[in-house]
Amino acid sequence: MDNQIYNFLTLLAKTIHKDYSSEVKNPVDWNRIFTYAQMHKVMALIFESAAKDEAFVAEPLYAYCKQVTKATVISQSRRTDEFLTLYRAFAEQGIEPVVVKGIVCRQLYGDYCDHRPSGDEDILIQKKDFKTVCRVFKERGYIARKNTNLNEKQLDEMKDISFDNPTNGGHVEVHLNLIGHANETRSKMNAFFDSAFENMIEIEVLGTKIKTLSHTEHFLYLVLHAFGHFIGGGVGIRQLLDILLYAKAYFELLDWRYIWQCIESVRADLFLEDLIFIGNQYMGFSLPQQGNPHCPEELLEDLISSGAFGKGTQENWIAGMVTDVAGRKAEGKMRAFKEVMRMIFLSRDNMQIRYPELREKPWLLPIAWVKRWIAFIKKSFRKDKNSAAEGIQIGKKRVELLKKYKVL
153 MDNQIYNFLT
163 LLAKTIHKDY
173 SSEVKNPVDW
183 NRIFTYAQMH
193 KVMALIFESA
203 AKDEAFVAEP
213 LYAYCKQVTK
223 ATVISQSRRT
233 DEFLTLYRAF
243 AEQGIEPVVV
253 KGIVCRQLYG
263 DYCDHRPSGD
273 EDILIQKKDF
283 KTVCRVFKER
293 GYIARKNTNL
303 NEKQLDEMKD
313 ISFDNPTNGG
323 HVEVHLNLIG
333 HANETRSKMN
343 AFFDSAFENM
353 IEIEVLGTKI
363 KTLSHTEHFL
373 YLVLHAFGHF
383 IGGGVGIRQL
393 LDILLYAKAY
403 FELLDWRYIW
413 QCIESVRADL
423 FLEDLIFIGN
433 QYMGFSLPQQ
443 GNPHCPEELL
453 EDLISSGAFG
463 KGTQENWIAG
473 MVTDVAGRKA
483 EGKMRAFKEV
493 MRMIFLSRDN
503 MQIRYPELRE
513 KPWLLPIAWV
523 KRWIAFIKKS
533 FRKDKNSAAE
543 GIQIGKKRVE
553 LLKKYKVL
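Start counting the sequence shown at 153; every next residue gets the next number (the working numbering).
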């Protein structure tokens, strides 16, 4: 394994496991290690173990990383407080959303829970509570990214809708279902969580009681969520850490027979087997291995290069487009064509994230498309680097990896 990838994983493991004895290997390229840390949104976690190394403290990079770590922890702490306040506001209206990922996973990091940042928080609600939930968001200064005036059919078909608070930076994704119904496989995955509200459990975070999925369903969701990103643009180390820490914390409470049954039915079993192998081999975990490793070294290389959610670089973003289209092509040429058109002509809901003026002036959408295309071309065809060509090559490599996992 490349020394700096080894060092990156080792530093993460030393923060996560207080008794982890492995050390970084010389020569240590701190700049490259923290480039990986930024790509995977784990800089604060890496910094805590790196700061114990005198060689790193002497680096010019140290002061910058310390500043970013401090800002990350403070910002995450504030967002956590805001989300818990929001959750209590829902409870006052008799609504108890089921919280997934984010704040639940952060509790697994113990003293470093705020070192693991969350870009958003995710909640699952019942369709009957949608209007009340929207009202609470509005009262607290949140703005919906999509139209919330939906009929019964639209609510049945919608997967999620995001709410942003421009004042405090709060961002919440409200799910009507956890996986979506984009294809038959996703609908099948969704069925695994039909009893989410019947099986939900209660945990306490900073004195606030919140509802979340049962441990078995939560672990299953973490794996399937990561698998979905893996199939699309790629998945990063932070999601791998969440999965491994959840398995370690609740191993005896998980219904492993049911989990493997579900995962095998959607062809995610080889993927999970290799994730566990990577965790045991390189990140200080000692989870029971199911089956034999398949191609963990190739998966690890893909995880590292993908960054958080497969968007570590422009090249990886382009590669994600290649794999996404390949997946649609396997379902039929028409689905592949529609996917290409969807990526070229993003919906107004997606475009207004970057171009907020579309909220008030939707007729500017064609102009926003042109701006986006120009920006993409400038990034992809720079004089010093052909990101488009490189991204296509990465994409082709990812397609071959997906075939090894029997996804394509």
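We treat Cβ as the ideally placed atom computed from N, Cα and C, and that holds for glycine.
Check	Outcome
Bridge-paired residues (DSSP) for H327	L276 and D312
Span of the alpha helix (DSSP H) around E244	L213 to E244
Contacting residues, own chain, Cβ-Cβ under 6 Å from H169 (five flanking each side not counted)	G436
Own chain, CB closer than 8 Å to Q156, minus 5 neighbours either side, in chain order	V180, D181, R184, I185 and Y188
DSSP bridge partner residues for I355 (one or two, in chain order)	I362
Three or more C-beta pairs below 8 Å linking the stretch 371-390 and the stretch 192-211	yes
Run of the beta strand (DSSP E) containing V251, from where it starts to where it stops	V250 to V252
Integer-rounded CB distance, given that R419 should sit under 8 Å from V559	6 Å
Sub-9 Å separation of S201 and L260 beta-carbons	no
Close Cβ partners of Y216 (< 7 Å) along its chain, the five nearest in sequence each way excluded	none
Nearest-angstrom Cα separation, counted from L238 out to A471	The predicted model places A471 with a pLDDT of 49, which falls under 50 and marks its position as unreliable, so this point remains unresolved.
Nearest neighbour of F315, chosen from L405, E273 and S417 [CA to CA]	E273
Sequence-distant residues of the same chain with beta carbon closer than 6 Å to N573, five excluded per side	Since the first and last residues shown for the chain are 153 and 560, residue 573 lies out of range.
Beta-carbon proximity list for L396, same chain, < 8 Å, skipping 5 on both sides	L427, I428, G431, M435, F437 and L439
6 Å Cβ shell around N538 - same chain, five flanking residues per side excluded	Confidence is the limiting factor: at N538 the pLDDT is only 47, short of 50, which leaves the residue's position unreliable, though a coordinate-based value still follows. Excluding sequence neighbours, N538 sits near nothing in its chain.
CA-to-CA distance, E453 to Y158, given in whole angstroms	11 Å
Length-filtered (4 minimum) alpha helix (DSSP H) runs lying within the stretch 428-460	448-458
Beta-carbon gap between T337 and I353 smaller than 9 Å	no
Best match in H323, E369 and E450 for proximity to T232 [C-alpha to C-alpha]	H323
Distance CB(F199)-CB(I456) smaller than 9 Å	no
Beta-carbon proximity check, L424 vs V357, cutoff 9 Å	no
Rounded straight-line distance, which links the Cα of V288 to that of L554	42 Å
Coil, strand or helix - I383 by DSSP	helix
is_contact[N335, chain E] using C-beta, thresh 9 Å	No chain E is part of this structure, which consists of one protein chain only.
For F282, the three-state DSSP class (helix, strand or coil)	helix
Neighbourhood of K177 by C-beta, 7 Å cutoff - its chain only, sequence neighbours within 5 removed	N155, Y158 and N159
Own chain partners of C257 with C-beta closer than 6 Å, once the 5 adjacent residues on each side are dropped	D394
G293 beta carbon less than 9 Å from that of S270	no
Buried or exposed (CB count within 10 angstroms, at least 16 for buried), Q245	exposed
Own chain residues within Cβ distance below 6 Å of S174, not counting five before or after	T162
N- and C-terminal bounds of the alpha helix (DSSP H) containing F199	M195 to A202
Sequence-distant residues of its chain with Cβ nearer than 7 Å to A401 (five each side left out)	L260
Outcome for E369 when other beta-carbon atoms lying within 10 angstroms are tallied against a minimum of 16	buried
Delimiting residues of the alpha helix (DSSP H) encompassing A343	E336 to A343
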